[in-house]
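Okay, so the sequence shown: first residue is 526 according to my numbering, each after it adds one. The beta carbon of each residue, even a glycine, is placed where N, CA and C say it ideally should be. Working notes for the structure below.
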Amino acid sequence: MRRTGPEAPSPHPLVRAFPRRLAGDVRAVLAVLPELRYEPSWPFPVDVAGEPLAVPYRLHFDEPPADAVRALTATRQTVLHCLCSRHSDGFVRQRHLERIVRSDEPWVVPYVVRPVGEYVLNILVAVEHGLTGPRSRWPEQRAVYGEFLARNPEFLALTECRAVSYWSYHHRHKYPTFATYPGHRLLELLRAAVVDRTGRPWPRLTPPGGATPVRR
């Protein structure tokens, strides 16, 4: 039987940045998030546990007040930190990434991996510290990251190529070889996780130790 009447409104695009089971939590977060100044830009597709998601590249909004964040449940706070990790302000991105980098939730992984292929050095260092530092939970996270990366080989390949490009353009003066760059160490960590998950060698799109970036 055909339904009549007004069509249901389209879901907010950021609802599609998380698994369907979190739709209510995402809408609760959006209710406390200040209005976006622009539409979410250049969402990138990923597969999380067999479900397609569209994670925004950049978001433009004012940070929500701290008391509004504290009033959210733990899951909703994690959703909010994920969204803020895509903020247009690098300082905001770093603060919120530091709150999610030790999570072992599969839907958090793309928000942590994407900055590995971006250009802000302090964020790379923060991600490396979160995954490998004294309070690291990497033994618990390794399988989750390996599963995500095995499902998203093109995402990992693009992350590798971007990391090399940004190193070459922005950071080669400080790190003369790619092997000394924090992004390299993070990519080696991720590659080891996906090799563990798949049991086979994984293509390398980064220079293993030299100064010459791989062209793609």
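Partner residues in the beta bridge of A579, as assigned by DSSP, are P570. In the DSSP assignment, S693 falls outside any alpha helix (DSSP H), carrying neither H nor E.
Comparing alpha carbon positions, the residue from A596, G615, L712, A593 closest to R583 is G615. By the Cβ rule, the segment 619–630 does not count as touching the segment 685–703, because fewer than three pairs are nearer than 8 Å. Residue environment analysis places P559 among the exposed positions, since fewer than 16 neighbouring C-beta atoms fall within 10 angstroms of its C-beta. Here the alpha carbons of P701 and A574 stand approximately 38 Å from one another. With contacts defined by Cβ atoms closer than 8 Å, L683 and L674 do not form a contacting pair. Where R729 is concerned, there is no enclosing alpha helix (DSSP H), because DSSP gives it neither an H nor an E. The residue among R546, P678, G708, L656 with its C-alpha nearest the C-alpha of V626 is L656. Ranking R676, G671, Y691 by CA distance to the CA of E713 puts G671 first. Around the Cβ of A542, a 10 Å sphere holds 16 or more other Cβ atoms; the residue is buried.
Looking at the DSSP output, L584 bridges to H612. Assignment of G671 by DSSP, reduced to helix, strand and coil, places it in the helix class. With a cutoff of 8 Å on beta-carbon distance, R601 and V554 are scored as near each other. L561 and H585 have their C-alpha atoms spaced approximately 6 Å apart. Taken through DSSP and simplified to helix, strand or coil, Y636 comes out as helix. Taking C-alpha positions only, H537 is separated from L608 by approximately 13 Å. Between V637 and V652, the CB-CB gap stays under 8 Å.
8 Å or more divides the Cβ of R710 from the Cβ of A668. Relative to the Cα of E679, the nearest Cα in the group Q619, L605, V719, R662 belongs to V719.
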